[in-house]
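In our numbering, the protein residues as written are 21 to 453.
In this text, a Cβ means the ideal position worked out from N, Cα and C, and glycines have one as well.
Keep in mind it's a predicted model, so treat the numbers as computed, not measured.
See below:
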């Protein structure tokens with residue numbers, strides 16, 4: 021997420037004013053190693069290697085009546101929850117025994133100055149949601165600020181945490197006065213399907229007043245829990261992407277840059293990581309810059325093991341359609357199975373879609389892309405389940421929307437935010453892929 025010298029820095033200031041106007045909590049622009057119990061990851065980990073879902077097991081889907089032979093169903097968008105909710109994430113439980121098949125969603129929610137994480141649950145494949153849990157931390161109370169959360173189900177044991185343990189992490193403290201500000205990324209865990217949450221660890225704490233944003237979890241090829249995040253604290257970079265890893269979810273080490281551009285003003289951010297069945301990891305992110313046409317354009321790059329992403333100065337590849345359309349701002353990525361294609365397909369969404377000439381595309385806010393070649397080549401357009409109406413470019417409309425394909429790859433659940441009067445609300449809907 022970009023916050024200085026870019027469109028998203030302007031969005032951050034707009035968001036602060038807008039949130040204050042609706043008595044929200046001041047969200048200003050969402051944006052050592054442990055024990056050795058974890059071993060090498062397996063192909064099964066590929067289906068849960070991110071926070072926004074990559075399909076699920078056939079057993080989990082059968083429980084909810086969504087097996088491979090189920091008829092496609094399109095649902096109209098409706099609110100995920102009453103009131104505001106930002107930065108949505110959704111997962112389908114796949115490693116939780118009798119609870120497999122439940123869909124859980126998280127949002128960052130205003131709370132009269134006390135930012136909280138809200139956990140919603142669906143037992144009918146995403147048709148209806150009810151709130152089942154809350155994450156409230158003194159680190160985000162009293163107007164300190166909360167941003168950009170992630171929700172993740174462990175696909176394997178990590179330290180003392182068995183497969184099925186839920187993790188939630190977010191950025192804390194962005195609204196503390198600069199003289200006293202030291203942002204952090206804090207992690208909470210749940211062992212009861214999101215009903216209750218306890219503090220687990222702090223991934224990183226800022227050494228200065230600049231930001232740490234947008235955590236994203238994955239499991240690397242050696243079984244380590246990896247946290248990717250956007251880092252503003254390095255004076256050599258306005259912002260860069262960093263990864264750290266842990267053997268137990270408690271102690272974190274090995275920080276290294278994954279994307280760090282040579283121009284100081286460039287701002288790689290908002291990483292989302294998915295693992296393909298062949299073991300390749302794919303990361304999408306935005307790079308905001310001083311380029312008027314391509315600032316905040318979406319990029320992707322790959323890794324053979326989920327830890328080594330190559331030269332950080334290699335900014336990756338810009339995905340585009342056959343006619344040259346491209347996304348800008350706040351991308352998210354999902355994986356879905358595809359008949360006849362062992363590697364399945366990727367699904368990508370960004371906040372705004374542009375034509376090759378730099379003009380806003382007609383389907384912006386209403387389009388998701390698919391790609392069946394691991395990201396290579398041209399991407400194809402499909403209708404987004406949630407059609408976002410607002411054309412503002414700020415912290416709300418279609419901002420970091422969540423994509424959750426069904427286990428059979430036939431349906432797509434999307435959670436996207438849009439304005440309802442002065443309130444930024446999350447909406448959910450499903451459609452065929």
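Run of the beta strand (DSSP E) containing residue 364, from where it starts to where it stops: Walking along the chain shown from the start, residue 364 turns up at place 344. First-last of the beta strand (DSSP E) with residue 364: 361-369.
Cβ pair residue 454, residue 317 closer than 8 angstroms: The structure shown does not extend to residue 454, since the chain is modelled only from 21 through 453, so no value can be given for it.
Distance, residue 400 Cα to residue 342 Cα: By one-based count along the chain shown, residue 342 stands at place 322. By one-based count along the chain shown, residue 400 stands at place 380. Rounded to the nearest angstrom, the gap between the Cα atoms of residue 342 and residue 400 is 8 angstroms.
Buried or exposed by the 16-neighbour rule on C-beta atoms within 10 Å, applied to residue 173: Walking along the chain shown from the start, residue 173 turns up at place 153. Within a 10 Å sphere around the beta-carbon of residue 173 sit 16 or more other beta-carbons, which makes this residue buried.
Pairwise C-alpha distance: residue 121 and residue 323: Within the chain shown, numbered from 1, the residue matching residue 323 stands at position 303. Within the chain shown, numbered from 1, the residue matching residue 121 stands at position 101. CA-to-CA, the gap between residue 323 and residue 121 works out to about 29 angstroms.
Whole runs of the beta strand (DSSP E) within the segment 250-276, excluding any shorter than 3 residues: Listed in chain order, the beta strand (DSSP E) elements of length 3 or more contained wholly in the segment 250-276 are 260-266.
Span separating the alpha-carbon of residue 259 from that of residue 398: Locating residue 259 in the chain shown gives position 239, counting from the first residue. Locating residue 398 in the chain shown gives position 378, counting from the first residue. Approximately 29 angstroms, taken between the alpha carbons.
Own chain, CB closer than 8 angstroms to residue 118, minus 5 neighbours either side, in chain order: Taking the chain shown and counting its residues from 1, one reaches residue 118 at position 98. So no residue of the chain qualifies.
Residue 434 - partner residues in DSSP beta bridges: Position 414 of the chain shown, counted from the start, is the residue given in the question as residue 434. DSSP output for residue 434 lists 423 and 449 as bridge partner(s).
Nearest neighbour of residue 111, chosen from 130, 243, 146 and 99 [CA to CA]: Position 91 of the chain shown holds residue 111. Out of 130, 243, 146 and 99, 146 has the C-alpha closest to the C-alpha of residue 111.
Enclosing beta strand (DSSP E) for residue 389 [first to last residue]: If you number the chain shown from 1, residue 389 lands on position 369. In the DSSP assignment, residue 389 falls within the beta strand (DSSP E) that extends over 387-391.
Simplified DSSP assignment, three categories, for residue 169: Reading the chain shown from its first residue, position 149 is the one you call residue 169. Here residue 169 sits in strand by DSSP.
Where the beta strand (DSSP E) containing residue 353 begins and where it ends: Counting from one through the chain shown, the residue named residue 353 turns up at place 333. Run containing residue 353: 352-358, per the beta strand (DSSP E) assignment.
Assigned secondary structure, residue 43 (DSSP; H/G/I helix, E/B strand, else coil): Along the chain shown, read from residue 1 onward, the residue named residue 43 stands at position 23. Bear in mind that a pLDDT of 32 at residue 43, under 50, signals an unreliable position, so the model cannot answer this.
Alpha carbon of residue 61 to alpha carbon of residue 299, nearest angstrom: Counting from 1 along the chain shown, the entry for residue 61 is found at position 41. Counting from 1 along the chain shown, the entry for residue 299 is found at position 279. Caution applies to residue 61, whose pLDDT of 44 falls short of 50 and renders its modelled position unreliable; the model cannot decide the point.
Among 384, 364 and 284, nearest to residue 373 - alpha-carbon criterion: Working through the chain shown from its first residue, we reach residue 373 at position 353. Taking only the C-alpha atoms, the option nearest residue 373 is 384.
Coarse secondary structure for residue 117, derived from DSSP in three states: Numbered from its first residue, the chain shown carries residue 117 at position 97. Three-state DSSP puts residue 117 in a helix.
Close Cβ partners of residue 203 (< 7 angstroms) along its chain, the five nearest in sequence each way excluded: Looking up residue 203 in the chain shown gives position 183. Annotation for residue 203: 191, 192, 193, 194, 226, 231 and 232 place their beta carbon closer than 7 angstroms to its own, counting only its chain and skipping 5 residues before and after.
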